[in-house]
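Below is one structure; the comments refer to it alone.
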Amino acid sequence: MSDAFDPDYDTGRDVVVPATILESDDGSHGQSDRLLADLNPQQRVAVEYRGPALLIVAGAGSGKTRVLTHRIARLIENNEAWPSEILAITFTNKAASEMRERVEQLLGQSAEGMWISTFHSACVRILRRESEHFGVTSGFTIYDSADSRTVIKRIIKDLRSDTLGFTVSSVAGKISRLKNDLIDVDGYSRQANFDDPREVMFVEIFRRYARVLRESNAFDFDDLIGQTVYLFRAFPLVTARYQRRFRHVLVDEYQDTNHAQYSWIRELTRPVPRDVVEQVGFETVVRGSADDGNGGIIGASLTVVGDSDQSIYAFRGADSRNIGEFERDFPESSVVLLEQNYRSTQNILSAANAVIANNFDRKDKKLWTADGDGEKIVGYTGFSGHDEAQFVADEIAALHKVGMDYRDMAVFYRTNAQTRALEEILIRSAVPYRVLGGTKFYERAEIKDALAYLATVANPHDVLALRRIVNVPKRGIGSATETQLARFAEANEISLREALRNSSALGFGPKITGAIVQLATVLDGASAMLDPDNPAGQSSIAEVLTFLLERSGFIDSLRASKDPQDETRAENVDELVAVTREFAVNNPDGQLVDFLTEVALVAAADELDDSSGTVSLMTLHTAKGLEYEAVFLTGVEEDLLPHRMSAGEPGGPAEERRLFYVGITRARKRLFLSLAMTRAQFGETSVAMPSRYLQEIPTGLIEWRQSPGAATSHGGTRSRALNPPRDRFGHNRRDSSKTDVASSTSEPKTAWTSRITSKARDNGDLELAPGGRIRHLDFGEGRVSRVTGEGAKRIAHVEFDSGAAKKLLIKIAPIEKI
DNA sequence: ATCGTCGATTTTTTT
DNA sequence: AATCGACGAT
Numbered sequence: 039m040s041d042a043f044d045p046d047y048d049t050g051r052d053v054v055v056p057a058t059i060l061e062s063d064d065g066s067h068g069q070s071d072r073l074l075a076d077l078n079p080q081q082r083v084a085v086e087y088r089g090p091a092l093l094i095v096a097g098a099g100s101g102k103t104r105v106l107t108h109r110i111a112r113l114i115e116n117n118e119a120w121p122s123e124i125l126a127i128t129f130t131n132k133a134a135s136e137m138r139e140r141v142e143q144l145l146g147q148s149a150e151g152m153w154i155s156t157f158h159s160a161c162v163r164i165l166r167r168e169s170e171h172f173g174v175t176s177g178f179t180i181y182d183s184a185d186s187r188t189v190i191k192r193i194i195k196d197l198r199s200d201t202l203g204f205t206v207s208s209v210a211g212k213i214s215r216l217k218n219d220l221i222d223v224d225g226y227s228r229q230a231n232f233d234d235p236r237e238v239m240f241v242e243i244f245r246r247y248a249r250v251l252r253e254s255n256a257f258d259f260d261d262l263i264g265q266t267v268y269l270f271r272a273f274p275l276v277t278a279r280y281q282r283r284f285r286h287v288l289v290d291e292y293q294d295t296n297h298a299q300y301s302w303i304r305e306l307t308r309p310v311p312r313d314v315v316e317q318v319g320f321e322t323v324v325r326g327s328a329d330d331g332n333g334g335i336i337g338a339s340l341t342v343v344g345d346s347d348q349s350i351y352a353f354r355g356a357d358s359r360n361i362g363e364f365e366r367d368f369p370e371s372s373v374v375l376l377e378q379n380y381r382s383t384q385n386i387l388s389a390a391n392a393v394i395a396n397n398f399d400r401k402d403k404k405l406w407t408a409d410g411d412g413e414k415i416v417g418y419t420g421f422s423g424h425d426e427a428q429f430v431a432d433e434i435a436a437l438h439k440v441g442m443d444y445r446d447m448a449v450f451y452r453t454n455a456q457t458r459a460l461e462e463i464l465i466r467s468a469v470p471y472r473v474l475g476g477t478k479f480y481e482r483a484e485i486k487d488a489l490a491y492l493a494t495v496a497n498p499h500d501v502l503a504l505r506r507i508v509n510v511p512k513r514g515i516g517s518a519t520e521t522q523l524a525r526f527a528e529a530n531e532i533s534l535r536e537a538l539r540n541s542s543a544l545g546f547g548p549k550i551t552g553a554i555v556q557l558a559t560v561l562d563g564a565s566a567m568l569d570p571d572n573p574a575g576q577s578s579i580a581e582v583l584t585f586l587l588e589r590s591g592f593i594d595s596l597r598a599s600k601d602p603q604d605e606t607r608a609e610n611v612d613e614l615v616a617v618t619r620e621f622a623v624n625n626p627d628g629q630l631v632d633f634l635t636e637v638a639l640v641a642a643a644d645e646l647d648d649s650s651g652t653v654s655l656m657t658l659h660t661a662k663g664l665e666y667e668a669v670f671l672t673g674v675e676e677d678l679l680p681h682r683m684s685a686g687e688p689g690g691p692a693e694e695r696r697l698f699y700v701g702i703t704r705a706r707k708r709l710f711l712s713l714a715m716t717r718a719q720f721g722e723t724s725v726a727m728p729s730r731y732l733q734e735i736p737t738g739l740i741e742w743r744q745s746p747g748a749a750t751s752h753g754g755t756r757s758r759a760l761n762p763p764r765d766r767f768g769h770n771r772r773d774s775s776k777t778d779v780a781s782s783t784s785e786p787k788t789a790w791t792s793r794i795t796s797k798a799r800d801n802g803d804l805e806l807a808p809g810g811r812i813r814h815l816d817f818g819e820g821r822v823s824r825v826t827g828e829g830a831k832r833i834a835h836v837e838f839d840s841g842a843a844k845k846l847l848i849k850i851a852p853i854e855k856i
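The numbering of the first sequence is the working numbering, which starts it at 39 and goes up by one.
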């Protein structure tokens, strides 16, 4: 995203009122009717209403994105606003790009100049522009939560605060909550009780944390919002440029905004008083409608869309009261209610309505559809998590058989840990799937290492990044050496980076000194490659990254390693280089910091690739805002949904219910609710109880393939009668006898386990290494050339003696070592 | 400084 | 089950 943005730019061009505006007063001109034609009456009001503030209460699937995009398009098409006067805030990057696309589609032109982005992206953009007002440079690093935790971990260790019961997560959570409430160290200490040693310690931790970030020229996620609010409040003249530019502010998922985000919106939509206008001395005249008639500028028009029933982020500071109190906060506001649902069948909606009705402190709202009841919700109680997973896999296969695309199906779960069983079974059942937001690509250690190299180049002050790579690959720089370097830097008041360069003065052994100086040279060399004054010209990000990876020895150490996983890691790093190239194509003017920003702000749902043709697996949180033809909501059990951890928290069970509600309302045609009677966790198996939320669904809406009661009282025998095995997947038939033999020793005498194991062979963790020989049932003997992938998805690349080269999924391929 | 082993601890959700 | 940290051996 190139930043050719200037807040003063082009808002004032429109001193002449376009003729279309005069015409539009009676709402009857032809051109824009196209934008209203396919809207219901409420949606129309939401699109056409003009006023200082509008709250659109949009039930699930009621077409809120449609309303927002049409509203924006209409503002533009009617010449009520220039594209640059629009600011639309969404929750994820995916939602933002989707909205941009749809607006462009409606307008038939590019939406250039509009800001359609997430809170965090918008804040980064503002902060980088205005960084001169802070003690940071525009090249600041963004610390993700893992980075924050690393910093906190070191502080806790240094201060030995674990003796007072401080843990990384408790401190990280508290700091995050404070920042979301716009409370900084000083603000906190003002009301802290200093008689309490824990309080004193916390203040000290908080203070050090803030200092580390400041010295590292870094912001954490929460700072991005909080510091922007601070900027808005402290520098009215700066803020006025944004307040003047953005005449129409639209916010999606308003129920998930926290206090900092709320304040951000508040500041941005404030009127600009006359004296500020005069001080700034805007060169251009403001659009007539923004003139308050007294030399000032009226506040921007604010449109928020939300549904308090879908508020599922209270745990991290989201305050759905923001939506409840909108009318009080913005006195001249209006409210539009969207209840007609265009997504799901009535059976699904009735279930959702019945469940959410149990939350008492809500405005009553009932979703309805004109599209009929549809099929019943299917319920299934498995005996174990694996049995449940098998049900999911079977139903997916059945749906696929009758023509449903894999990409139209999704499996939801409360916790990421539940993916294990699901993945195992889906692999065995040959169902193509993707896990969204599991261990993300950018969270892998080797990727974070490579990115840390880039971060040290982009931001030489970034101590965390430098410390991360100082001994990666192993250079013989252990903690002792590192501590000495840090002390040296502090004593001489130089940066750690500078200390590295001058390390020969420290009297380390020649080997270590050489390694340190070599690292400093590589980093400086990379910096030079990006120097705009470099006579050789600036290098691309990919070139810099490749330079760093090669000269530092990082990539070689991975390639030379004996650990077979390092080969995969090297491939991941190569993949990262490819990502930088792709970034350069999409962002011709993109600088290194822009790349690092983009990488830091990707969310789980952003990974979604609609064209992938696979079933999507994700947590219920990630699922918000998405929809699928068929949805499998798994693990509907007590202690899981609602989660055990939510029980103690005030409002916890209600929030969990909303989570369940969000899951239900993602489904268009088919909804499957499943649970297991026993679930493995911490490596132990415990008994699970059906979720209380299940009882809240009218019994007539669910057709139980195996009800919780039946599963308990009749053991496994009943399940097969009710749920006869379907035939599919003939490809393993030939070695089925072998599988039976292998599993017969340990197989309990219940029918349900055999349902799973007889399906496909399982080589489990068969160890294969490059160079090894194997025999394949069909292809004969061959040599393994390499092994890629991890866990259940490990793939052997085999060159068969017949000459054929094949890639085989190790877990299920009919192969054996020879 | 690095590697290996043992034991503790973990799992709620994420921009 | 799997990761992480502490500790001891090399």
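C-beta: ideal position from N, C-alpha, C; glycine also.
Hey, quick one: how far does the beta strand (DSSP E) through residue i stretch, first residue to last?
{"i": "S382", "result": "Here S382 belongs to no beta strand (DSSP E), and DSSP marks it neither H nor E."}
{"i": "S155", "result": "W153 to T156"}
{"i": "E722", "result": "E722 to V725"}
{"i": "E123", "result": "Where E123 is concerned, there is no enclosing beta strand (DSSP E), given that its DSSP letter is neither H nor E."}
{"i": "G417", "result": "I415 to G420"}
Anyone know if the C-beta pair for residue i and residue j falls short of 7 angstroms?
{"i": "F244", "j": "V238", "result": "no"}
{"i": "G701", "j": "A133", "result": "no"}
{"i": "S176", "j": "S186", "result": "no"}
{"i": "T179", "j": "N497", "result": "yes"}
{"i": "F838", "j": "G810", "result": "no"}
{"i": "T618", "j": "V162", "result": "no"}
{"i": "L859", "j": "V669", "result": "Here the chain covers residues 39 to 856 and nothing more, so residue 859 does not appear."}
{"i": "Y451", "j": "T672", "result": "yes"}
{"i": "D347", "j": "Y699", "result": "yes"}
{"i": "L460", "j": "A503", "result": "no"}
{"i": "R304", "j": "G333", "result": "no"}
Distance, Cα to Cα, residue i vs residue j?
{"i": "G420", "j": "L474", "result": "24 angstroms"}
{"i": "K855", "j": "R813", "result": "6 angstroms"}
{"i": "F257", "j": "P90", "result": "33 angstroms"}
{"i": "S541", "j": "I554", "result": "7 angstroms"}
{"i": "Q603", "j": "V495", "result": "28 angstroms"}
{"i": "L847", "j": "L655", "result": "20 angstroms"}
{"i": "G211", "j": "E694", "result": "19 angstroms"}
{"i": "S207", "j": "N396", "result": "32 angstroms"}
{"i": "M137", "j": "I190", "result": "37 angstroms"}
{"i": "R88", "j": "D487", "result": "50 angstroms"}
{"i": "Q147", "j": "L74", "result": "18 angstroms"}
{"i": "A390", "j": "V343", "result": "20 angstroms"}
{"i": "R82", "j": "V374", "result": "10 angstroms"}
{"i": "H659", "j": "L697", "result": "7 angstroms"}
{"i": "L125", "j": "L568", "result": "32 angstroms"}
In the DSSP assignment, find the alpha helix (DSSP H) that holds residue i and state where it starts and stops.
{"i": "K102", "result": "K102 to E115"}
{"i": "G563", "result": "P548 to L568"}
{"i": "R535", "result": "L534 to R539"}
{"i": "Q281", "result": "P274 to R283"}
{"i": "R619", "result": "Q603 to N624"}
Measure how close the beta-carbons of residue i and residue j come, nearest whole angstrom, since I'm counting them as under 8 angstroms.
{"i": "D345", "j": "Q293", "result": "6 angstroms"}
{"i": "Y380", "j": "G99", "result": "6 angstroms"}
{"i": "P470", "j": "T652", "result": "4 angstroms"}
{"i": "R589", "j": "V615", "result": "So it is not a contact: roughly 14 angstroms between Cβ atoms."}
{"i": "Y491", "j": "I515", "result": "Between I515 and Y491 the Cβ distance is about 15 angstroms, and since that is not below 8 angstroms, they are no contact."}
{"i": "V141", "j": "T103", "result": "Contact doesn't hold; Cβ gap of about 10 angstroms is too wide."}
ask   = Which runs of the beta strand (DSSP E), 3 residues or longer, sit entirely within the stretch 164-235?
value = Entirely contained in the stretch 164-235, the beta strand (DSSP E) runs reaching 3 residues are, in chain order, 179-181.
query = Could you give the uninterrupted runs of the beta strand (DSSP E) lying entirely in the stretch 681-717, keeping only those of 3 residues or more?
reply = Complete beta strand (DSSP E) runs here, min 3: 705-714.
ask   = Mind pulling the alpha helix (DSSP H) runs of 4 or more residues that sit fully within the stretch 446-527?
value = Segments of the alpha helix (DSSP H) lying fully in the stretch 446-527: 457-466, 483-496 and 501-507.
inquiry  = Quick check on the DSSP output: what are the complete beta strand (DSSP E) runs of length 3 or more inside the stretch 806-846, in order along the chain?
reply    = Counting only runs of at least 3 residues, the stretch 806-846 fully encloses the following beta strand (DSSP E) elements, listed from N- to C-terminal order: 811-814, 818-826 and 833-838.
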